[in-house]
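Working notes, beginning with the structure itself.
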Amino acid sequence: MNLRLTLLAAFALLLSLPIASQTCTGNLGENIFTAGDFGSGAANIVTVDPLIAPGFIYQRTPPPNDGFYTITNDMRRWPNTFGGWDAFADNSPDPNGYMMVVNAAFAPGKFYEQQVDDLCENTLYQFTADVRNILRRGNNGLMPNVSFSIDGITRFTSGPIGETQTWNTYGFTFTTDPGQTSVLLALSNNAPGGNGNDLAIDNISFRACGPEARIAGAETLSVCEDGGPATLTAEINGDQYDNPALQWQQSFDDGMTWQDLSGENGMTFDHTGRSSGFYFYRYLLANGDVNLANTKCRVVSNIKTVYVVPKRYEIIDTICTGLTFAVGSSTYSNTGVSLDTLISSLGCDSIVTLRLTVVPDPGIVPTFDLIDPSCSYLNDGSIQLLDVTNGVAPFGYFLDSLSRTIGAVLPGLSEGAYRYRVVDRYGCTASGDVRLMTPNPFQIELGPDQVVSLGESVRLNAGTGDDIMSYVYTPADLVNCTTDCEGVTFFPAENTLLKLLAISPAGCESEDSLRIIVVKDRLVYPPTAFSPNGDGVNDRFTLFAATPNVTALASLRVFDRWGGQVFEGIDLAPNAVGQGWDGQVDTEAAPPGTYTYVAEVVFLDGVVERYSGVVVLVR
């Protein structure tokens with residue numbers, strides 16, 4: 003590939019890339035595109051189609067469908083919305099301010115277009131707009147990707163706008179051509195519609211951008227009431243304007259509105275007002291007098307406050323007995339009128355008249371509602387100052403050195419003393435301690451570890467003198483008891499760690515555990531002979547065992563000397579003689595002699611063992 007083709011390809015690639023965001027580095031003018039905030043109104047939805055979205059349809063019943071848009075002041079007031087959409091108000095302090103909500107069409111394309119008129123030629127402007135992805139976090143839908151164009155040329159592309167549930171401000175700067183006084187602004191969505199790619203737009207603005215225009219020095223200039231003029235000096239940093247023109251302004255309503263100061267167009271302005279108080283100044287700056295007269299071509303400096311320090315002060319105050327009031331280096335503690343002359347750090351002379359009244363301490367009495375922690379280990383106590391008697395409102399209330407609100411409950415407190423201080427309007431004070439108490443600790447003790455034989459019972463005691471409302475044993479299937487469990491017994495079959503959670507009537511909890519070792523003795527006692535003669539003694543044959551060491555005889559079979567089965571018993575109870583062999587074979591008395599037996603014995607721990615041997619039948 004030759005060099006010329008390579009350069010052409012690189013140039014084409016650069017043209018296809020989004021232009022990086024640029025912001026004004028100097029001062030800005032007022033917003034000249036007032037329609038960019040979509041206005042304000044009490045109605046939740048604007049009923050008149052604003053005709054600002056080519057290719058989209060205006061929808062008056064929210065939420066808008068794919069390819070539709072709505073102008074609204076608060077999505078939270080809609081009767082319903084789509085499942086994945088977030089609900090929020092417009093991005094301004096005005097509760098009735100409107101925003102544009104767009105449900106993207108299935109194909110990428112333009113969704114906003116407006117012409118901005120009355121611009122100034124050869125002027126640098128900054129464009130900004132607030133854009134928000136409507137989807138809530140975690141939906142993972144298609145992300146909006148917005149391009150901003152001026153007169154059909156893309157100036158900036160936002161890139162994918164994530165599901166952050168926050169507004170994002172995008173912007174760039176551009177310069178109007180010679181003779182150009184209007185531009186066509188368009189916003190296009192580069193992503194397709196469908197699952198996601200829905201957005202809100204607000205606060206589209208155009209502002210003139212000029213050099214840095216400021217008034218030298220700190221934001222506030224303090225001068226003496228009987229001093230000379232206060233000079234304000236304009237500083238212009240930047241070479242954007244080859245013919246800078248200024249107009250000084252003053253605000254008489256704390257910066258809400260501004261008025262031109264006639265004839266004040268120089269780099270300095272002298273404040274000559276001597277009445278004490280605050281004065282607010284700024285200046286307008288443009289490139290030449292013609293642009294200065296056009297509100298859409300000029301920028302605004304910072305605001306400078308001139309404070310004229312009064313020469314005479316009168317202080318009227320009341321304090322509580324025992325307190326002092328300071329004026330300069332003097333202190334006063336008695337009712338009366340005094341006069342002091344002070345010199346401020348600015349060198350201003352000040353004459354201060356103090357009219358002081360001293361009142362007796364009224365004996366302030368605070369009333370608290372104290373709720374103690376319910377358990378020794380919990381921080382669920384609270385303190386509330388209910389009322390204050392005596393003294394003069396308003397009252398200040400401090401608990402543990404922190405300011406509190408009277409009537410508010412301070413929760414989450416543990417046992418202990420808390421320092422309070424209540425101060426009335428005149429500084430009269432009541433202070434002391436309030437104390438929260440807890441009951442004695444609720445504790446249980448199951449005792450030392452135990453070693454038992456299989457089938458031996460374990461007796462449980464919680465080892466406390468406190469009342470217990472409920473017992474929770476773990477493992478849950480070992481002990482079948484939840485209330486009144488003192489002295490309950492159970493028969494452990496395996497080594498186990500038994501845990502008990504006990505709950506007191508106050509809801510306090512205490513835990514302890516008991517380790518139990520089970521010795522696996524197999525306590526089975528087969529007889530060697532029996533005599534089925536009807537005398538009531540040893541008339542039947544069965545296996546004897548300790549219970550509950552043994553829980554059942556799964557089977558018992560008896561055989562004669564030739565191997566013939568003469569008896570079979572299934573699922574017999576241990577020591578149940580009546581279920582054993584009565585010495586009969588098919589209703590006939592079996593002959594005396596030696597017989598063999600085989601038995602399957604089931605133990606408490608579930609183990610099944612086989613026992614066999616001989617037994618002698620005696621007649």
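Numbered per the numbering used here, the sequence shown spans residues 3 to 621.
Ideal Cβ placement from N, Cα and C applies to all residues, glycine included.
In this text the structure is predicted, and so the values were computed from the model without any measurement.
Item to check | Through-space distance from A218 to Y285, alpha-carbon basis | outcome: Roughly 12 Å between the two C-alpha positions.
Next on the checklist: Less than 7 Å between C-beta atoms, sequence neighbours within five positions excluded: which residues of the same chain meet that for D562?
Outcome noted: Residues V568, Y597 of the same chain have their beta carbon placed closer than 7 Å to that of D562, with the five preceding and five following residues left out of the count.
Checklist entry - Apart from the five residues on each side of it in sequence, which residues of its chain come closer than 6 Å, Cβ to Cβ, to S512? => result Within the same chain, S512 has close Cβ partners F444, Q445, I446, A504.
Checklist entry - When you compare each of D514, L448, S224, R461 to G489 by their alpha carbons, which one comes out closest? => result Looking at the Cα atoms, R461 is the closest of the given residues.
Item to check | Rounded separation between D319 and P65 - CA only | outcome: P65 has its alpha-carbon roughly 60 Å from the corresponding atom of D319.
Checklist entry - Straight-line CA distance for P146 to S94? => result Taken atom to atom, the span from the alpha-carbon of P146 to that of S94 is near 22 Å.
Next on the checklist: Judging by CA-CA distance, which residue of P375, P368, Y283 is the nearest neighbour of G409?
Outcome noted: Considering only alpha carbons, the answer is P368.
Next on the checklist: Using only CA atoms, which one of E496, S303, L121 lies nearest to E214?
Outcome noted: Comparing alpha carbon positions, the residue from E496, S303, L121 closest to E214 is S303.
Checklist entry - Are the beta-carbon atoms of N205 and D39 separated by less than 8 Å? => result Closer than 8 Å, so yes.
Next on the checklist: For a test of the three-state rule: what should DSSP assign to M145, helix, strand or coil?
Outcome noted: In this structure, M145 counts as coil in the three-state DSSP scheme.
Next on the checklist: Tell me whether the segment 454-472 and the segment 480-495 touch, counting them as touching only if at least three CB pairs, one residue from each stretch, are closer than 8 Å.
Outcome noted: Remark: three or more beta-carbon pairs, one from each stretch, lie closer than 8 Å, so the segment 454-472 and the segment 480-495 are flagged as touching.
Checklist entry - Per DSSP, what kind of secondary structure is A45 in: helix, strand or coil? => result Correct three-state label for A45: coil.
Item to check | Residues that S224 bridges to, as DSSP identifies them | outcome: DSSP output for S224 lists Y309 as bridge partner(s).
Next on the checklist: Only counting the same chain, and skipping five residues up and downstream in sequence, which positions put a Cβ closer than 6 Å to that of R517?
Outcome noted: Beyond the five residues adjoining it in sequence on each side, R517 comes within less than 6 Å, by CB distance, of D451, L499 in the same chain, given in chain order.
Next on the checklist: Going by DSSP in three states, N170 sits in which element: helix, strand or coil?
Outcome noted: Note: N170 maps to strand in three-state DSSP.
Checklist entry - Which same chain residues, not among the five before or five after V118, have their C-beta less than 7 Å away from its C-beta? => result Leaving aside the five residues that flank V118 on each side, the residues in its chain whose CB is nearer than 7 Å to its CB run, in chain order, F35, S184, V185, L187, F208.
Checklist entry - Leaving out the 5 sequence neighbours to the left and right, which residues in its chain are closer than 6 Å to P534 when beta-carbon positions are compared? => result Excluding the 5 residues flanking it on each side, P534 has same chain C-beta neighbours closer than 6 Å at D541, D584, G585, in chain order.
Next on the checklist: Give me, in chain order, the residues of the same chain whose beta-carbon lies closer than 7 Å to that of V394; leave out the 5 immediate sequence neighbours on both sides.
Outcome noted: Taking V394 as the centre and dropping the five residues before and after it, the same chain places the C-beta of D426, R427, Y428 closer than 7 Å to its C-beta, in chain order.
Checklist entry - By how many angstroms is the C-alpha of L325 removed from the C-alpha of D435? => result One C-alpha to the other measures close to 22 Å.
Next on the checklist: For G198 and R134, I'd like the C-alpha separation in whole angstroms.
Outcome noted: C-alpha separation (whole angstroms): 12 Å.
Checklist entry - When the Cα atoms are used, what is the spatial distance from L358 to V339? => result The alpha-carbon atoms of L358 and V339 are separated by roughly 6 Å.
Checklist entry - Looking only at DSSP bridge pairs, what is D435 linked to? => result Paired residue(s): R421.
Item to check | Presumed contact (8 Å Cβ cut-off) between F150 and R157, rounded CB distance | outcome: Taking C-beta atoms under 8 Å as the contact rule, F150 and R157 qualify, at a distance of about 6 Å.
Checklist entry - Does the separation of the CB atoms of L30 and A210 fall below 8 Å? => result In this structure, A210 lies closer than 8 Å to L30 by Cβ.
Checklist entry - Nearest to V521 by CA position, among N551, A547, P507, F546, is which residue? => result Comparing alpha carbon positions, the residue from N551, A547, P507, F546 closest to V521 is N551.
Item to check | Contact between the segment 66-82 and the segment 235-251 (3+ Cβ pairs under 8 Å) | outcome: No, they do not touch.
Item to check | Completely contained beta strand (DSSP E) runs for the segment 432-485, where each covers 3 or more residues | outcome: Listed in chain order, they are 452-455, 472-476.
Checklist entry - How many angstroms separate the CA atom of N577 from the CA atom of E602? => result C-alpha separation (whole angstroms): 14 Å.
Item to check | Integer-rounded CB distance, given that A531 should sit under 8 Å from V617 | outcome: V617 to A531, Cβ: 6 Å. Contact.
Checklist entry - Are the segment 263-274 and the segment 81-92 in contact at 8 Å, needing three or more beta carbon pairs? => result In the pairwise beta carbon analysis, the segment 263-274 is classified as not touching the segment 81-92: fewer than three pairs are separated by under 8 Å.
Checklist entry - If we call anything under 8 Å between Cβ atoms a contact, is Y281 one with W250? => result Annotated as distal: Y281 and W250, with beta-carbon spacing of 8 Å or more.
Checklist entry - Roughly how far, in whole angstroms, is the beta-carbon of S277 from the beta-carbon of V308, given that I think they are within contact range, below 8 Å? => result Going by Cβ atoms, the distance from S277 to V308 rounds to 11 Å, so no, they are not a contact pair.
Next on the checklist: I'd like the list of long-range same chain contacts for L7, defined as Cβ closer than 8 Å, with 5 residues on each side in sequence excluded.
Outcome noted: The pLDDT assigned to L7 is 30, lower than 50, so where the model puts this residue is not dependable; a value taken from the coordinates is nonetheless given after this. Leaving aside the five residues that flank L7 on each side, none in its chain has a CB nearer than 8 Å to its CB.
Next on the checklist: Am I right that Y599 and V560 are in contact with their C-beta atoms under 8 Å? What's the rounded C-beta distance?
Outcome noted: Confirmed, about 5 Å.
Checklist entry - Thinking C-alpha only, which one of G536, D68, S190 is nearest G111? => result Of G536, D68, S190, the residue nearest in Cα terms is S190.
Next on the checklist: By the DSSP assignment, the alpha helix (DSSP H) with V292 in it spans what residues?
Outcome noted: In the DSSP assignment, V292 falls within the unbroken alpha helix (DSSP H) covering 291-294.
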